[in-house]
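Asks: Questions regarding the structure given below will be posed in turn.
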């Protein structure tokens, strides 16, 4: 009974950790409204209409950049303290509540950030701690542990309303004013430029199909837009009433581990195989010992309830432990088949293990 209590407690802790893990929802467009020093809320945005849905308050002001880590799904952001040093802090945002956690200062004023596919965070510096603002317009990398920004190279350019985004090929684009620039991520210089048909703000992000999104603020409203990267034409998608929208980013979590997954039909097949093995083992067990004594249930289905309960708790514990490791350390995302798979297969597997335990007890 002591072991049962310990396993139950550990199981509850692990299940709770799976529920509260702060991973963004894949293919969701997130946005924050920190422009003009406003207290910032986190939103989800409909990429087809521009409609915004409130997630929650960050508790901080003037968040201007947003980027989802490509493997962990953690949502990072930057906020500038306009009333103090002008430098930018790196943050994480809880995608379920909006709550912000400060990591540390970047040492730069950074309007936007973006991850490459390897999980390296880049930002655009428009001011450094070493000098007055508007003297530096350069690419930096940002340490995810400390928040410190490191200069990549000198752009030799002037920028404003600057957005930054990587596409799926690791091509880096920087938008300034009405210019879209293809950047060299190795040295921070401009490779080529396309003139835009409008002057969007410092919002830039690619969706999973490499469609480039931006946005404009005007008259207390925000208009979500797309950019034709060949012609530079900016097209309106839709408008919402969040007039201070300051950053947007798509959650594009990629599974980099080799953790196997099951489709729905794979789940059904696996469940039937497992059930068949369990029934065959149960039949052989009944034939070998002639029933199950006083713990038999109904028409002779062998069941030792105390052992079965302990076994199912152990199976759920091991399962939740494995999923916790896969999610936290390998960037795994739960599929539609995972939760039903756990609920269906765990009791069956536990029953088979319980039969094995009881048969060994009977033989001894």
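Residue numbers (our numbering): 561 to 924.
Yeah, the Cβ is synthetic: ideal placement off N, Cα and C, and Gly gets one too.
Model, not experiment: these values are computed from the prediction.
#1: Tell me the rounded alpha-carbon separation between residue 746 and residue 732.
#2: For residue 759, is the classification buried or exposed, using 16 other Cβ atoms within 10 angstroms of its Cβ as the cut-off for buried?
#3: Would residue 658 and residue 704 be called neighbours here (beta carbons separated by less than 8 Å)?
#4: Skipping 5 residues on each side, what residues in its chain have a beta carbon closer than 6 Å to that of residue 726?
#5: To which residues does DSSP link residue 558 through a beta bridge?
#6: With distances taken between CB atoms, is the gap from residue 712 to residue 698 smaller than 8 Å?
#7: Report the three-state DSSP secondary structure of residue 629 (helix, strand or coil).
#8: Tell me which same chain residues have a C-beta within less than 7 Å of the C-beta of residue 613, skipping the five on either side of it?
#9: Out of curiosity, what's the CA-to-CA distance linking residue 795 and residue 871?
#10: For the beta strand (DSSP E) holding residue 711, just list the boundary residues, first then last.
#11: Just checking, does the stretch 736-752 make contact with the stretch 801-808 on the three C-beta pairs under 8 Å criterion?
#12: With a 10 Å radius around its C-beta and 16 neighbouring C-beta atoms as the bar for buried, classify residue 757 as buried or exposed.
#13: Span of the beta strand (DSSP E) holding residue 701?
#14: Do the CB positions of residue 632 and residue 686 come within less than 8 Å of each other?
#15: So what does DSSP say about residue 792, is it helix, strand or coil?
#16: Going by DSSP, what residue range makes up the beta strand (DSSP E) through residue 785?
#17: Which value, in whole angstroms, describes the spacing of the CA atoms of residue 598 and residue 910?
#18: On the premise that residue 652 lies in contact with residue 626, defined as a C-beta separation below 8 Å, what is that separation, rounded to the nearest angstrom?
#19: Could you check if residue 696 is buried or exposed, using at least 16 other CB atoms within 10 Å of its CB as the buried criterion?
#20: For residue 915 and residue 907, what's the separation of their Cα atoms in angstroms?
#21: Quick one: is residue 865 buried, meaning 16 or more other Cβ sit within 10 Å of its Cβ, or exposed?
#22: Would you decide whether residue 790 is buried or exposed? Buried here means 16 or more other CB atoms lie within 10 Å of its CB.
#23: State the start and end residues of the unbroken beta strand (DSSP E) segment that holds residue 649.
#24: Would residue 607 and residue 623 qualify as a contact pair, given that the criterion is a beta-carbon distance under 8 Å?
#25: What separation, rounded to the nearest whole angstrom, lies between the Cα atoms of residue 738 and residue 874?
#26: Pick out whichever of 782, 797 and 792 has its Cα sitting closest to the Cα of residue 807.
#27: Whole angstroms are fine: how far does the CA of residue 862 sit from the CA of residue 850?
#28: For the beta strand (DSSP E) containing residue 810, name the first residue and the last one.
#29: Please report the distance separating the alpha-carbon of residue 880 from that of residue 654.
#30: With 16 other CB atoms within 10 Å as the buried threshold, where does residue 776 fall?
#31: Checking the sheet assignment: what are the DSSP bridge partners for residue 914?
#32: Spell out the partners DSSP gives residue 634 in its beta bridges.
#33: Helix, strand or coil: how does DSSP classify residue 611 here?
#34: Based on Cα-Cα distance, which residue from 662, 900 and 868 lies nearest to residue 913?
Replies: In brief:
#1: Working through the chain shown from its first residue, we reach residue 746 at position 186. Working through the chain shown from its first residue, we reach residue 732 at position 172. Rounded to the nearest angstrom, the two C-alpha atoms are 10 Å apart.
#2: Along the chain shown, read from residue 1 onward, the residue named residue 759 stands at position 199. Label assigned to residue 759: exposed.
#3: Within the chain shown, residue 658 is the residue found at index 98, counting from 1. Within the chain shown, residue 704 is the residue found at index 144, counting from 1. No, these two residues do not count as a Cβ contact at 8 Å.
#4: Translated into the one-based positions of the chain shown, residue 726 becomes position 166. Hits under 6 Å: 674, 676 and 732.
#5: Coverage of the chain is limited to positions 561 through 924, which leaves residue 558 absent and any answer about it impossible.
#6: If you number the chain shown from 1, residue 712 lands on position 152. If you number the chain shown from 1, residue 698 lands on position 138. Contact: yes.
#7: As a first step, residue 629 is located in the chain shown; it is residue number 69 there, counting from the start. In this structure, residue 629 counts as coil in the three-state DSSP scheme.
#8: Numbered from 1 along the chain shown, position 53 holds the residue referred to as residue 613. Hits under 7 Å: 603 and 604.
#9: Start at 1 with the first residue of the chain shown, and residue 795 comes out as number 235. Start at 1 with the first residue of the chain shown, and residue 871 comes out as number 311. When rounded, the distance between both Cα atoms is 59 Å.
#10: Position 151 of the chain shown, counted from the first residue, corresponds to residue 711. Where residue 711 is concerned, the enclosing beta strand (DSSP E) stretches over 709-713.
#11: no
#12: Counting from one through the chain shown, the residue named residue 757 turns up at place 197. By the 10 Å Cβ count, residue 757 comes out exposed.
#13: What you label residue 701 is simply residue 141 of the chain shown in a count that begins at 1. Looking at the DSSP string, the run of the beta strand (DSSP E) that includes residue 701 is 698-702.
#14: Along the chain shown, one-based indexing puts residue 632 at 72. Along the chain shown, one-based indexing puts residue 686 at 126. Cβ distance not < 8 Å, so residue 632 and residue 686 don't count as in contact.
#15: Residue 792 sits at position 232 when you count from the first residue of the chain shown. Correct three-state label for residue 792: coil.
#16: Reading the chain shown from its first residue, position 225 is the one you call residue 785. First-last of the beta strand (DSSP E) with residue 785: 781-787.
#17: The residue you call residue 598 lines up with position 38 of the chain shown. The residue you call residue 910 lines up with position 350 of the chain shown. Their Cα atoms are separated by approximately 54 Å.
#18: Taking the chain shown and counting its residues from 1, the one referred to as residue 626 is at position 66. Taking the chain shown and counting its residues from 1, the one referred to as residue 652 is at position 92. Incorrect: roughly 11 Å between the Cβ atoms, too far for contact.
#19: Position 136 of the chain shown, counted from the first residue, corresponds to residue 696. Result: buried.
#20: Walking along the chain shown from the start, residue 915 turns up at place 355. Walking along the chain shown from the start, residue 907 turns up at place 347. Cα to Cα, residue 915 sits roughly 12 Å from residue 907.
#21: Mapped onto the chain shown, residue 865 falls at position 305. So residue 865 ends up on the exposed side.
#22: As a working note, residue 790 is residue 230 in the chain shown. By the neighbour-count rule (16 or more Cβ atoms within 10 Å), residue 790 is not buried but exposed.
#23: Numbered from 1 along the chain shown, position 89 holds the residue referred to as residue 649. From DSSP, the beta strand (DSSP E) with residue 649 extends over 648-653.
#24: Position 47 of the chain shown, counted from the start, is the residue given in the question as residue 607. Position 63 of the chain shown, counted from the start, is the residue given in the question as residue 623. Not a contact, by the Cβ cut-off of 8 Å.
#25: Residue numbering aside, residue 738 sits at position 178 when the chain shown is read from its first letter. Residue numbering aside, residue 874 sits at position 314 when the chain shown is read from its first letter. Answer to the nearest angstrom: the Cα atoms are 60 Å apart.
#26: Within the chain shown, the letter at position 247 stands for residue 807. When only C-alpha atoms are compared, the closest one is 782.
#27: Counted from its first residue, the chain shown places residue 850 at position 290. Counted from its first residue, the chain shown places residue 862 at position 302. Residue placement at residue 850 is poorly supported in this model, since its pLDDT is 49, which falls under 50; the coordinates are not used for a value here.
#28: The residue given as residue 810 occupies position 250 in the chain shown. Taken as a continuous stretch (DSSP letters only), the beta strand (DSSP E) holding residue 810 covers 807-810.
#29: Indexing the chain shown from 1 puts residue 880 at position 320. Indexing the chain shown from 1 puts residue 654 at position 94. C-alpha separation (whole angstroms): 22 Å.
#30: One-based indexing of the chain shown puts residue 776 at position 216. Buried, because 16 or more other Cβ atoms sit within 10 Å of the Cβ of residue 776.
#31: Within the chain shown, residue 914 is the residue found at index 354, counting from 1. Answer by DSSP bridge pairing: none, since residue 914 is not bridged.
#32: Residue numbering aside, residue 634 sits at position 74 when the chain shown is read from its first letter. Residue 634 pairs with nothing; no bridge assigned.
#33: Reading the chain shown from its first residue, position 51 is the one you call residue 611. Residue 611: coil per DSSP, three-state reduction.
#34: For this step, residue 913 is matched to residue 353 along the chain shown. Nearest option by C-alpha distance: 868.
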